[in-house]
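Participant: Got a structure for you, written out below as structure tokens; questions coming shortly.
In the numbering used here, the protein residues as written are 66 to 435.
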């Protein structure tokens with residue numbers, strides 16, 4: 066994996082109190098850089114830290130940037146995930162990495178799952194700021210109404226149920242082709258990116274996807290039979306089950322004191338994190354893709370973006386600083402599809418760009434149509 070996109074980077078194994086973690090660092094970054102100028106990057110599912118390399122390259126050289134391969138992804142150890150703890154296994158892993166590096170705090174930048182991990186970490190340890198790029202809902206993945214209440218008592222159609230079993234089979238087979246719609250390469254092209262976007266080094270991303278551990282307790286996790294549609298529910302182990310609503314509710318972020326400033330970055334063409342997500346069985350059921358959908362009243366699609374907005378609005382109303390960068394024509398990877406815009410937004414968010422930081426209680430919406 067490190068053969069791809071690795072110029073100007075070094076990847077080392079960091080042995081922590083919890084697991085061996087792959088750490089991506091830029092050559093030349095000073096390990097004595099203070100936490101106030103240190104950024105830690107956390108990637109999404111079906112990815113690794115190579116997804117951050119284009120953005121990391123573009124950041125000022127006087128910053129220290131660190132990207133961590135989460136457990137079961139990239140070159141990190143593939144220990145199982147106890148989903149009953151939500152994403153605390155990942156957050157505790159992050160704490161162990163920062164402890165091993167002697168970092169009491171840092172700025173956290175999380176994409177997808179990484180954004181969820183950053184929110185969990187911030188509830189338990191101090192952080193300087195949060196940048197959430199296409200994060201999952203604070204209420205997890207699937208099976209909740211807008212206010213976060215669960216649709217069923219067993220989280221039917223949530224967590225690992227949302228995974229494409231054919232994709233999992235092709236991950237196990239390390240299929241690098243694009244003939245099938247369920248191949249890693251096809252999923253990358255049509256789910257991660259907006260239509261028309263062409264990735265420069267697609268092979269690097271496909272390799273990262275194929276590094277995803279499908280061992281017991283990793284991706285996607287176990288499922289159990291359910292009396293509710295679509296007939297199966299989230300289990301107790303694995304990455305996606307850590308996002309099941311019975312295990313995860315991060316809306317308590319509103320009660321943090323002090324409140325780190327938050328930058329929320331999202332693409333309007335995101336097919337994965339959306340109020341009409343193609344990762345949500347209930348939305349697929351409403352389209353007829355999954356048969357016997359029982360209807361909007363009992364099985365509505367999860368309004369992921371609206372849920373995030375509600376929680377962040379409450380966070381701002383309680384005194385937190387929130388900025389939103391919304392990008393038209395951008396999919397699930399704003400940091401790749403619009404690297405320069407996201408870079409500038411992060412620098413402004415940290416007070417390192419041209420714009421002065423906002424007052425702590427002001428919610429600012431930044432919008433780009435380019």
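Cβ atoms here follow ideal geometry from the backbone N, Cα and C, with glycine treated the same way.
Bear in mind the structure is a predicted one, so any value in this text is a computation, not a measurement.
Across which residues does DSSP place residue 198 in a beta bridge pair?
Facilitator: Residue 198 pairs with 176 and 330.
Participant: Counting Cβ pairs, one atom from each stretch, are 3 or more of them under 8 Å apart for the segment 391–407 and the segment 326–335?
Facilitator: Taking 8 Å as the limit for Cβ pairs, the verdict is that the segment 326–335 does touch the segment 391–407.
Participant: Among 290, 312, 317 and 284, which one has its Cα closest to the Cα of residue 304?
Facilitator: Cα-wise, what sits closest to residue 304 is 284.
Participant: Candidates 158, 308 and 417: which alpha carbon is nearest residue 213's?
Facilitator: Here the closest residue by C-alpha is 308.
Participant: Using alpha carbons as the reference points, say which of 123, 109 and 92 lies closest to residue 253.
Facilitator: Cα-wise, what sits closest to residue 253 is 109.
Participant: Candidates 245, 233 and 247: which alpha carbon is nearest residue 280's?
Facilitator: Ranking 245, 233 and 247 by Cα distance to residue 280 puts 233 first.
Participant: Could you say which of 202, 160 and 167 lies nearest to residue 177 if we only look at CA atoms?
Facilitator: Considering only alpha carbons, the answer is 202.
Participant: Is the beta carbon of residue 155 less than 7 Å from the beta carbon of residue 130?
Facilitator: Against a cut-off of 7 Å, the Cβ pair of residue 130 and residue 155 comes out as no contact.
Participant: May I have a chain-ordered list of the alpha helix (DSSP H) segments no shorter than 4 residues that lie completely inside the segment 296–370?
Facilitator: DSSP runs (the alpha helix (DSSP H)) wholly in the segment 296–370: 346–351.
Participant: Look up residue 74 in the DSSP assignment and give the residues it is bridged to.
Facilitator: Residue 74 is bridged to 91.
Participant: Do you know how far the Cα of residue 146 is from the Cα of residue 173?
Facilitator: Spanning the two alpha carbons is a distance of roughly 21 Å.
Participant: Who are residue 132's beta bridge partners in DSSP?
Facilitator: Beta-bridge pairing links residue 132 to 89 and 106.
Participant: Can you tell me whether residue 79 is helix, strand or coil according to DSSP?
Facilitator: Here residue 79 sits in strand by DSSP.
Participant: What would DSSP say about residue 184, mapped onto helix, strand or coil?
Facilitator: The answer is helix: DSSP assigns residue 184 an H, G or I state.
Participant: Whole-angstrom Cβ separation of residue 399 and residue 160, contact assumed at under 8 Å?
Facilitator: No, residue 399 and residue 160 are not in contact; Cβ-Cβ is about 27 Å, not under 8 Å.
Participant: Between which two residues does the beta strand (DSSP E) holding residue 290 run?
Facilitator: Where residue 290 is concerned, the enclosing beta strand (DSSP E) stretches over 288–290.
Participant: Could you tell me the alpha carbon to alpha carbon distance between residue 231 and residue 261, rounded to whole angstroms?
Facilitator: Roughly 25 Å between the two C-alpha positions.
Participant: So what does DSSP say about residue 69, is it helix, strand or coil?
Facilitator: Bear in mind that the predicted position of residue 69 carries a pLDDT of just 48, short of 50, making it too unreliable to give a figure here.
Participant: Pull up the CB-CB distance for residue 415 and residue 126, whole angstroms please, since I reckon it's below 8 Å.
Facilitator: Residue 415 to residue 126, Cβ: 15 Å. No contact.
Participant: Quick check: the Cα distance between residue 360 and residue 338, rounded to an integer number of angstroms?
Facilitator: Distance between the alpha carbons of residue 360 and residue 338 is about 21 Å.
Participant: Between the segment 296–303 and the segment 216–232, are three or more C-beta pairs nearer than 8 Å?
Facilitator: The segment 296–303 vs the segment 216–232: in contact.
Participant: So is residue 318 buried or exposed if we call it buried at 16+ other beta carbons inside 10 Å?
Facilitator: So residue 318 ends up on the buried side.
Participant: Thinking residue 141 and residue 84 are a contact (beta carbons under 8 Å), I'd like their distance in whole angstroms, please.
Facilitator: So it is a contact: roughly 7 Å between Cβ atoms.
Participant: Return the residue from the list 87, 196, 170 and 179 that minimises the CA-CA distance to residue 190.
Facilitator: Checking every option, the nearest Cα to that of residue 190 belongs to 170.
Participant: Residue 257 lies in the alpha helix (DSSP H); which residues open and close that run?
Facilitator: Careful: residue 257 lies outside any alpha helix (DSSP H) and carries neither H nor E.
Participant: Thinking just about the alpha-carbon of each residue, which of 410, 192, 73 and 168 is nearest to the one in residue 323?
Facilitator: When each option's Cα is compared against that of residue 323, the closest is 192.
Participant: To the nearest angstrom, how far is the alpha carbon of residue 354 from that of residue 79?
Facilitator: Answer to the nearest angstrom: the Cα atoms are 44 Å apart.
Participant: Note down, in chain order, each residue of its chain lying with its Cβ closer than 6 Å to the Cβ of residue 248, except the 5 sequence neighbours on either side.
Facilitator: For residue 248, where only same-chain residues beyond five positions count, the Cβ hits under 6 Å are 235, 240 and 242.
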